[in-house]
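Engineer: Residue numbers (mature numbering (1 follows the signal peptide of the UniProt record, and there is no 0)): -23 to -1, 1 to 61. Cβ atoms here follow ideal geometry from the backbone N, Cα and C, with glycine treated the same way. This one's a predicted model, so the numbers in the text were calculated from it and none came from an experiment.
Take a look at the structure:
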């Protein structure tokens, strides 16, 4: 029984660590980072939109998200909500 509990705990821990939408990754975002650097940290965005050399990409959903605004391919601003 304790072996099953240990295995279940390990699986839950690994699942939590694999979610890139967390406070630790958010704190690694910096103005001036390139789009590939951000995607290496957070993965592919859920959605992106933009025009005239500016764009905004979001990872997550309405409750838990990180949003990054780019000028060209460089981070200008970013925000997050519901991060652990």
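Assuming residue 60 contacts residue -1 under a Cβ cut-off of 8 Å, what Cβ separation, rounded to an integer in Å, is found between them?
Structural biologist: What you label residue 60 is simply residue 83 of the chain shown in a count that begins at 1. What you label residue -1 is simply residue 23 of the chain shown in a count that begins at 1. Going by Cβ atoms, the distance from residue 60 to residue -1 rounds to 5 Å, so yes, they are a contact pair.
Engineer: Classify residue -3 as buried or exposed, calling it buried when 16 or more other Cβ atoms lie within 10 Å of its own Cβ.
Structural biologist: Here the question's residue -3 lines up with position 21 in the chain shown. So residue -3 counts as buried.
Engineer: Can you have a look at residue 25 and say buried or exposed, based on whether 16 or more other CB atoms are within 10 angstroms of its CB?
Structural biologist: Start at 1 with the first residue of the chain shown, and residue 25 comes out as number 48. Answer is exposed; the Cβ neighbour count stays below 16.
Engineer: To the nearest angstrom, how far is it from the Cα of residue 43 to the Cα of residue 29?
Structural biologist: Counting from one through the chain shown, the residue named residue 43 turns up at place 66. Counting from one through the chain shown, the residue named residue 29 turns up at place 52. Distance between the alpha carbons of residue 43 and residue 29 is about 22 Å.
Engineer: Can you look up residue 51 in the DSSP assignment and give me helix, strand or coil?
Structural biologist: Numbered from 1 along the chain shown, position 74 holds the residue referred to as residue 51. The answer is strand: DSSP assigns residue 51 an E or B state.
Engineer: Following the continuous alpha helix (DSSP H) through residue 5, name the residue where it begins and the one where it ends.
Structural biologist: If you number the chain shown from 1, residue 5 lands on position 28. Where residue 5 is concerned, the enclosing alpha helix (DSSP H) stretches over -1 to 5.
Engineer: Buried or exposed: residue -12, going by 16 or more other Cβ atoms within 10 Å of its Cβ?
Structural biologist: In the chain shown, counting from the first residue as 1, residue -12 sits at position 12. At residue -12 the pLDDT is 49, less than 50, meaning the model places this residue with poor confidence; the figure from the coordinates comes in the next sentence. By the neighbour-count rule (16 or more Cβ atoms within 10 Å), residue -12 is not buried but exposed.
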